[in-house]
Structure formats: C-alpha cells, structure tokens
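Q: Numbering (our numbering), first residue to last: 202 to 649. Have a look at this one before I ask anything.
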C-alpha cells in the first residue's frame, strides 16, 4: 500500500530553511517524493475529522489530523523515522525576534485556505515524540486566504510558486521545533513540515540581499549553464544554494557565481532560483526564478506537454469536479480545454487546474480529458482519459405530452437529456428530438 501511495503526485514541502524531511532526503533516507507527501487531516491541533473551516464553511470538511507521535511524518509510512524523539536532528541557527523566511514548493497545487506556523513550548521535552501538548495551542504566525466559495475563486486561492512567508520568531532559547502546516480548501487534508531550530544570542540577523539576474547562458539537449550576480549584506557571504524544481540542487562556495546542471532530459522544463547565506547563517530571500527548457533532440519547436494526472475531486448526480497537473512548454500557456466525450465543454486560465462540469445526467458514464494550448495556438496532446459515472439520476423526469415546460426545465427523452429554451405546452410534434435549438437543447447523452 505504501508503494502505491508513493506513485501518486507529490503535493508540497518547505525547502528553505530545510525541513527535517528535506535533510533526510539529502541524506538518502527518503525518496524525492516523500517530503511532499507528509499529509494528514487539516485543523491541527484538533484531533477529530469532519469539521467545518472556521472562516469558510463551504470548504471541504476536514479529515482526521496527524496523531500525536506522528506529527513530523504526517503518518506517511516511509517517513515514520522522522517522529523519533531526541536532539540529534540537524538544526538551523536562529535568534529570537529575527525574521525567518520560510519557502514552500509544490508539485500538485491545491486551492489553499491558510498556512499555520506553531512553535514548541518554552519547557517542551525533546526526549518525547512530538505531541500536541509540546506545542503552543495557537500559531505564532498565520497566512490566510479569505476568498470563498473556493470553486468561484480558484485563481485567488492558488498559491504562488514558490510561496514565501517572513516570520518573526518568538522568544526562545536552545533547541525548538517549528511546525509548518499548509491547509487546503478543496480537500480535507493539510501538509505537515517540521523545522528544527537552535536559538542562540550570538551575531546579527540582517539578511543578505537575494542573488540577482539569474539566467541561462548556454542550453543543450542534456545540460544548461546558469549564472547570477553576487549578494551583499552586513556579513560576508559564505555560500550560494541552487534550487531546481523546488529542491536543493547544490551548495556552492561564495566565489562561485555560476553552475552547470548536467544529465538532464531533452525537451524538458526546469525551474531554478538561487539564495545566499552569510557567515551568521542568515539566508537571503530567493532570487528571481527562471524556467529553462532543454533542447529537443530533433530540434523541433514542440507544443506544450500534456496536462498530467487528470482525476476527480467529487461526483454528484449532475456534476463532476476535475483537477489536473500543469502543462509546461517553451512558450506561455493561453488556456486549458476540458473535453467531455470528445467535445470541448470548458476553458480555464493557465493557473486554473480545476473545472466543474455541471448539468449532467445521473447514473451516466462520461469520458474526460484535458489539453493545453499556448500563445502560439499550439495544442498539446491530451491528458489521460478519465472515465466517471455520476450518481443516481436525481429528479430529472421523462418528457411528457400536454405538459407545460418553463425555461431551463430538464427532461429525459429517448436516452438523452434536454433543457428547455422556450416556455411551451408539449404536444406530439414538439418532442425534444424534433425541436432541438427551437424549444429544447441537448445537454448530455445517457450511458452508451
């Protein structure tokens, strides 16, 4: 079962400062998918599921949050060792009152309600597994998005990539654990990340400037060269960290202002940014982010990649909620097109990876796929085909003679569903099949 879960899309993790999970990945103890898979129910420190969001009651009800003793792992089977107690974990040197920049990367974006940041109590016991009574009961920092309902505000609730928060650390001394939680609006879950901190009183806390002007100087089918300008600050810069697709790629000496990334796949997008760290371990904000596409082996100017992992977020008698992963390409995207049974039924913006198809018939099978189109009007290959069946047929009646129908009334007739365009009283010559576009319009076909 654990292996099956690892084949699912990754979701999100804290990459800067490195979370406990990211350090474990760098040490080869976790796969590249594990840090983004530490998922459990939202609304920690609650212990029960089925709860409404306190500010957005139309959000999906919560699942059961991470249990005491499994907070660091979120209960993820391959990461349970992250829950072990003790002071052996790699720590970041920080100071009370300093700004700490926390950066999230995502691999399967969800509509977001909030990010909560908790800190262990002043008298917590690191020799116990992390539990609710080890943390302050309320977050010391919260970033919250208020737009609702989520299905009408998808752009507003889609987090930026990366998401960056600047926290002011509370008064603490010695070893403490920061718990960062990303809560999702359109599912019942959240993603858990713990960051190990060592509070000291030494040194200053002024952050260096971000590295500037990141760009690619040379690109081939399997490699690319990056370059950037130096950071500056109150303390000497000691190293640069290069991130690829949200994960730490390499750490370089401060005298190095470039890097060659090798062994890449042809015709593939890679996202990069760079941060700087000074002699007091103050880390800069990430510099500018760039997307670089390696060359195609045949030299062709290709369309966008196919949208990935088309899946259902919910099915009713007359609606289907779809979600998919982003398409990429060498040019900006213009739209996503949603197809039902081979016919385009919806269009979304490049940042909107969800669509609700309404007006369907109950107990009916539908086939969906999604395609992307870029600013050159190059259309991608279709996503995977998703076959879904709506639930029971609801209250849509069969068409009947000598019945008054009002605009938008729905009926079934000869295996199809129709919607009334003009109020009328039915007769034998005015059946829906013979008056399409005049009195009725066809809105779906029943199972084939």
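We put the CB at the ideal spot given by N, CA and C, even for glycine.
Measuring only the C-alpha atoms, how far is residue 431 from residue 473?
A: Locating residue 431 in the chain shown gives position 230, where the first residue counts as 1. Locating residue 473 in the chain shown gives position 272, where the first residue counts as 1. Each residue's Cα considered, the two are about 16 Å apart.
Q: Could you give the DSSP three-state label for residue 648: helix, strand or coil?
A: Walking along the chain shown from the start, residue 648 turns up at place 447. Its pLDDT being 31, under 50, residue 648 is placed unreliably in this model, and the value from its coordinates should be taken loosely. It is coil, neither helix nor strand.
Q: Whole angstroms is fine: what's the gap from residue 264's alpha carbon to residue 276's?
A: Here residue 264 corresponds to residue number 63 of the chain shown, with the count starting at 1. Here residue 276 corresponds to residue number 75 of the chain shown, with the count starting at 1. Whole-angstrom Cα-Cα distance: 13 Å.
Q: Rounded to whole angstroms, what's the CA-CA distance from residue 394 to residue 598? Just pull it up for me.
A: By one-based count along the chain shown, residue 394 stands at place 193. By one-based count along the chain shown, residue 598 stands at place 397. About 51 Å.
Q: To the nearest angstrom, how far is the alpha carbon of residue 226 from that of residue 451?
A: As a first step, residue 226 must be located in the chain shown, where it is residue number 25. As a first step, residue 451 must be located in the chain shown, where it is residue number 250. The alpha-carbon atoms of residue 226 and residue 451 are separated by roughly 13 Å.
Q: Out of 583, 565, 519, 252, which has the shortest C-alpha to C-alpha gap to residue 571?
A: Here the question's residue 571 lines up with position 370 in the chain shown. Closest by alpha carbon: 583.
Q: How would you write the range of the alpha helix (DSSP H) that residue 221 sits in, first residue to last?
A: As a position in the chain shown, residue 221 is number 20, starting the count at 1. Unbroken alpha helix (DSSP H) run through residue 221: 221–227.
Q: Could you spell out the range, first to last residue, of the beta strand (DSSP E) harbouring residue 193?
A: Only positions 202 to 649 of the chain appear in the structure, and residue 193 is not among them; the question remains open.
Q: Express the C-alpha separation of residue 440 and residue 456 in angstroms, rounding to a whole number.
A: Locating residue 456 in the chain shown gives position 255, where the first residue counts as 1. Locating residue 440 in the chain shown gives position 239, where the first residue counts as 1. Using only the alpha carbons, I get a separation of about 8 Å.
Q: Under 8 Å, do residue 342 and residue 318 count as touching if we go by C-beta distance?
A: Mapped onto the chain shown, residue 342 falls at position 141. Mapped onto the chain shown, residue 318 falls at position 117. Going by C-beta atoms, residue 342 is nearer than 8 Å to residue 318.
Q: Rounded to whole angstroms, what's the CA-CA distance from residue 291 to residue 217? Just pull it up for me.
A: As a first step, residue 291 must be located in the chain shown, where it is residue number 90. As a first step, residue 217 must be located in the chain shown, where it is residue number 16. Going from the Cα of residue 291 to the Cα of residue 217 covers about 14 Å.
Q: Roughly how many angstroms separate the alpha carbons of residue 356 and residue 222, rounded to a whole number?
A: Within the chain shown, the letter at position 155 stands for residue 356. Within the chain shown, the letter at position 21 stands for residue 222. Cα to Cα, residue 356 sits roughly 29 Å from residue 222.
Q: Have a look at residue 545 and residue 507 and give me their C-alpha separation to the nearest angstrom.
A: Position 344 of the chain shown, counting from 1, holds the residue named residue 545. Position 306 of the chain shown, counting from 1, holds the residue named residue 507. Residue 545 and residue 507: Cα-Cα distance of roughly 16 Å.
Q: Going by beta carbon distance, what residues of the same chain come within less than 8 Å of residue 420, once the five residues before and after it are set aside?
A: Numbered from its first residue, the chain shown carries residue 420 at position 219. Correct list, in chain order: 426, 493, 494, 495, 496.
Q: For residue 555, which residues does DSSP report across the bridge?
A: Mapped onto the chain shown, residue 555 falls at position 354. Answer is 524, bridged to residue 555.
Q: Give the straight-line distance between the Cα atoms of residue 505 and residue 298, rounded to the nearest whole angstrom.
A: Your numbering for residue 505 matches position 304 in the chain shown. Your numbering for residue 298 matches position 97 in the chain shown. Those two C-alpha atoms are separated by around 46 Å.
Q: Suppose you measure from the CA of residue 424 to the CA of residue 528; what does that come to, to the nearest Å?
A: Stepping through the chain shown from its first residue, residue 424 is reached at position 223. Stepping through the chain shown from its first residue, residue 528 is reached at position 327. Distance between the alpha carbons of residue 424 and residue 528 is about 21 Å.
Q: Quick check on residue 588: buried or exposed, where buried means 16 or more other Cβ atoms within 10 Å of its Cβ?
A: As a working note, residue 588 is residue 387 in the chain shown. Classification for residue 588: exposed.
Q: Curious, which full-length beta strand (DSSP E) runs of at least 3 residues does the segment 308–379 contain?
A: The qualifying runs are 313–320, 342–345, 364–369.
Q: Check this for me: beta carbons of residue 308 and residue 387, under 8 Å apart or not?
A: Counting from 1 along the chain shown, the entry for residue 308 is found at position 107. Counting from 1 along the chain shown, the entry for residue 387 is found at position 186. Against a cut-off of 8 Å, the Cβ pair of residue 387 and residue 308 comes out as no contact.
Q: For residue 487, which three-state DSSP category applies?
A: Numbered from 1 along the chain shown, position 286 holds the residue referred to as residue 487. Reduced to three states, the DSSP call for residue 487 is coil.
Q: Starting from residue 413, trace the beta strand (DSSP E) both ways and give me its first and last residue.
A: Counted from its first residue, the chain shown places residue 413 at position 212. Note, residue 413: beta strand (DSSP E), 413–420.
Q: Using only CA atoms, which one of 287, 270, 551 lies nearest to residue 281?
A: Residue 281 sits at position 80 when you count from the first residue of the chain shown. When only C-alpha atoms are compared, the closest one is 270.
Q: Within the same chain, show all residues whose beta-carbon is closer than 7 Å to that of residue 390, passing over the 5 residues directly before and after it, in chain order.
A: Position 189 of the chain shown, counted from the first residue, corresponds to residue 390. Counting only Cβ-Cβ distances below 7 Å, and skipping sequence neighbours, we find 240, 241, 242, 243, 264.
Q: If you compare alpha carbons, which of 612, 231, 383, 444 is closest to residue 315?
A: Walking along the chain shown from the start, residue 315 turns up at place 114. If we check each option's Cα against that of residue 315, 383 comes out closest.
Q: Which residues mark the beginning and the end of the beta strand (DSSP E) in which residue 213 is found?
A: Position 12 of the chain shown holds residue 213. Note, residue 213: beta strand (DSSP E), 213–217.
Q: Assuming contact is defined by CB atoms lying nearer than 8 Å, are residue 330 and residue 284 in contact in what I supplied?
A: Against the chain shown, residue 330 aligns to sequence position 129. Against the chain shown, residue 284 aligns to sequence position 83. Result yes, Cβ atoms of residue 330 and residue 284 sit closer than 8 Å.
Q: Among the candidates 461, 372, 445, 460, whose CA atom is the shortest distance from the CA of residue 471?
A: Locating residue 471 in the chain shown gives position 270, counting from the first residue. For residue 471, the nearest C-alpha among the options comes from 445.
Q: Take the Cβ of residue 238 as the centre, count every other Cβ of all protein chains shown within 10 Å, and call the residue buried at 16 or more, exposed below.
A: Taking the first residue of the chain shown as position 1, residue 238 is located at position 37. The residue is buried, with at least 16 neighbouring Cβ atoms inside 10 Å.
Q: Between residue 549 and residue 537, how many whole angstroms is the CB-CB distance? I'm expecting something under 8 Å.
A: Taking the chain shown and counting its residues from 1, the one referred to as residue 549 is at position 348. Taking the chain shown and counting its residues from 1, the one referred to as residue 537 is at position 336. Contact flag correct, Cβ pair sits at about 5 Å.
Q: Just tell me which of 449, 236, 534 has its CA closest to the CA of residue 273.
A: The count along the chain shown starts at 1 and reaches residue 273 at position 72. Comparing Cα-Cα distances from residue 273 to each of 449, 236, 534, the minimum goes to 236.
Q: Helix, strand or coil for residue 643 per DSSP?
A: Residue mapping note: residue 643 aligns to position 442 of the chain shown, counting from 1. It is a strand residue.
Q: Do you know offhand how far residue 325's Cα is from residue 352's?
A: Taking the first residue of the chain shown as 1, we reach residue 325 at position 124. Taking the first residue of the chain shown as 1, we reach residue 352 at position 151. Going from the Cα of residue 325 to the Cα of residue 352 covers about 41 Å.
Q: Pop quiz: residue 288 and residue 258 are said to be a contact at Cβ under 8 Å. What is the actual Cβ separation, rounded to whole angstroms?
A: As a first step, residue 288 is located in the chain shown; it is residue number 87 there, counting from the start. As a first step, residue 258 is located in the chain shown; it is residue number 57 there, counting from the start. At roughly 42 Å, the Cβ-Cβ gap does not stay under 8 Å, so residue 288 and residue 258 are not in contact.
Q: Could you give the uninterrupted runs of the beta strand (DSSP E) lying entirely in the segment 443–469, keeping only those of 3 residues or more?
A: Here the runs fully enclosed are 448–454, 459–462.
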